[in-house]
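What follows is a single structure, written as structure tokens, with notes after it.
Residue numbers (this note's numbering): 480 to 713.
Next comes the structure, spelled out in structure tokens:
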């Protein structure tokens, strides 16, 4: 069972908030037990239907995603901000369009608190920090209609190096095959992001060093991404 308590801040962006004492915690525990029991009976849709009616009385929105066999809960009233809370990016079934010139935060679909961040000439995965322009990238297209991304905060273009790691070190004017990204929409609303190695589309996987987690190209990579538009400012 999946439990979130998000409040929508901007398009597609949500932050974890803490409910006040008025939050009906008992209904979560009762619902969790009921959902677990019904799941053992292989009655996923029945569980979702029962809980949706039950939660509705407590001002809770329940959504069932059969592909992930998960129940997502949303409670929208009586929230107070939790200090130092992490930001989360809602999994939209319909992916956000990627428009040339649009500003985007790119998060890991499997871990919605982690976003691509330009650190010096590297791309690391960091917790989202609202307003940090090192975590915002604007989209471009070259003469061959290939998609690219430039960091708003550093004005460096994202690409890969000869070691097949994702970097951010080229000028915006440079966009060849090593700076081109290919996006595939998945049925759950996520995106697979790939680059070419010897003309073969290659997806991304985690790697790590002393600086933290970063992205590398790997034939067995299974990372998925979410794109949240955050600009440019009007």
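Positions of the beta carbon are idealized from the N, C-alpha and C atoms, including for glycine.
Every unbroken beta strand (DSSP E) inside the segment 583-635 [3 residues or more]: 590-598, 601-606, 616-620 and 626-630
Buried or exposed (CB count within 10 angstroms, at least 16 for buried), residue 669: As a working note, residue 669 is residue 190 in the chain shown. Burial call: buried.
Residue(s) in a DSSP beta bridge with residue 670: The count along the chain shown starts at 1 and reaches residue 670 at position 191. 664 and 704, per the DSSP bridge assignment.
Residue 535, buried or exposed, once every other Cβ within 10 Å from all chains shown has been counted against 16: Locating residue 535 in the chain shown gives position 56, counting from the first residue. Any reading at residue 535 must be qualified, since the residue scores a pLDDT of 47, below 50, and its modelled position is unreliable; the value itself is stated next. Residue 535 should be labelled exposed.
Rounded straight-line distance, which links the Cα of residue 626 to that of residue 664: Here residue 664 corresponds to residue number 185 of the chain shown, with the count starting at 1. Here residue 626 corresponds to residue number 147 of the chain shown, with the count starting at 1. Straight-line Cα distance between these residues: approximately 14 Å.
Straight-line Cα distance separating residue 584 from residue 615: The residue you call residue 615 lines up with position 136 of the chain shown. The residue you call residue 584 lines up with position 105 of the chain shown. Near 5 Å, if we compare the C-alpha coordinates of residue 584 and residue 615.
C-beta atoms of residue 709 and residue 582 nearer than 9 Å: Residue mapping note: residue 709 aligns to position 230 of the chain shown, counting from 1. Residue mapping note: residue 582 aligns to position 103 of the chain shown, counting from 1. Yes; because the gap between Cβ atoms is below 9 Å, this pair is in contact.
Proximity of residue 638 and residue 621 at Cβ, strictly below 9 Å: The residue labelled residue 638 in the question sits at position 159 within the chain shown. The residue labelled residue 621 in the question sits at position 142 within the chain shown. No; because the gap between Cβ atoms is not below 9 Å, this pair is not in contact.
Which of helix, strand or coil DSSP assigns to residue 687: The residue you call residue 687 lines up with position 208 of the chain shown. Here residue 687 sits in strand by DSSP.
Proximity below 9 Å, CB of residue 596 to CB of residue 605: Along the chain shown, one-based indexing puts residue 596 at 117. Along the chain shown, one-based indexing puts residue 605 at 126. Yes.
According to DSSP, residues forming a beta bridge with residue 649: Counting from 1 along the chain shown, the entry for residue 649 is found at position 170. Per DSSP, 636.
Alpha-carbon spacing of residue 574 relative to residue 681, whole angstroms: Locating residue 574 in the chain shown gives position 95, counting from the first residue. Locating residue 681 in the chain shown gives position 202, counting from the first residue. Between residue 574 and residue 681, the C-alpha separation is close to 21 Å.
Inter-residue spacing [alpha-carbon to alpha-carbon] between residue 444 and residue 676: It is not possible to answer for residue 444, since the shown part of the chain is limited to 480 through 713.
Classification of residue 662 by the beta-carbon crowding that lies within 10 angstroms, buried from 16 upward: Position 183 of the chain shown, counted from the start, is the residue given in the question as residue 662. Taking a 10 Å sphere around the C-beta of residue 662, we find fewer than 16 other C-beta atoms and assign the residue as exposed.
For residue 577: DSSP bridge partner residues: Looking up residue 577 in the chain shown gives position 98. Residue 577 has no beta-bridge partner at all, per DSSP.
Inter-residue Cα distance where the pair is residue 612 and residue 631: Along the chain shown, one-based indexing puts residue 612 at 133. Along the chain shown, one-based indexing puts residue 631 at 152. Those two C-alpha atoms are separated by around 6 Å.
Which of helix, strand or coil DSSP assigns to residue 692: Translated into the one-based positions of the chain shown, residue 692 becomes position 213. Strand.
Spatial distance of residue 691 from residue 580 (CA atoms): To locate residue 691, count along the chain shown from 1; it is residue 212. To locate residue 580, count along the chain shown from 1; it is residue 101. The straight-line gap from Cα to Cα measures roughly 29 Å.
Continuous beta strand (DSSP E) stretch holding residue 679: start and end: As a first step, residue 679 must be located in the chain shown, where it is residue number 200. Segment 679-681, the beta strand (DSSP E) holding residue 679.
CA nearest to the CA of residue 652, picked from 640, 636 and 617: Here residue 652 corresponds to residue number 173 of the chain shown, with the count starting at 1. If we check each option's Cα against that of residue 652, 636 comes out closest.
Given residue 624 as reference, the closest of 686, 679 and 577 once Cα atoms are compared: For the purposes of this step, residue 624 is identified with residue 145 of the chain shown, where counting begins at 1. Of the candidates 686, 679 and 577, the one whose C-alpha sits nearest the C-alpha of residue 624 is 577.
Pick from 658, 598 and 674 that is closest to residue 696, judged by C-alpha positions: Sequence index remark: in the chain shown, residue 696 carries index 217 (1-based). Measuring from the Cα of residue 696, the nearest candidate turns out to be 674.
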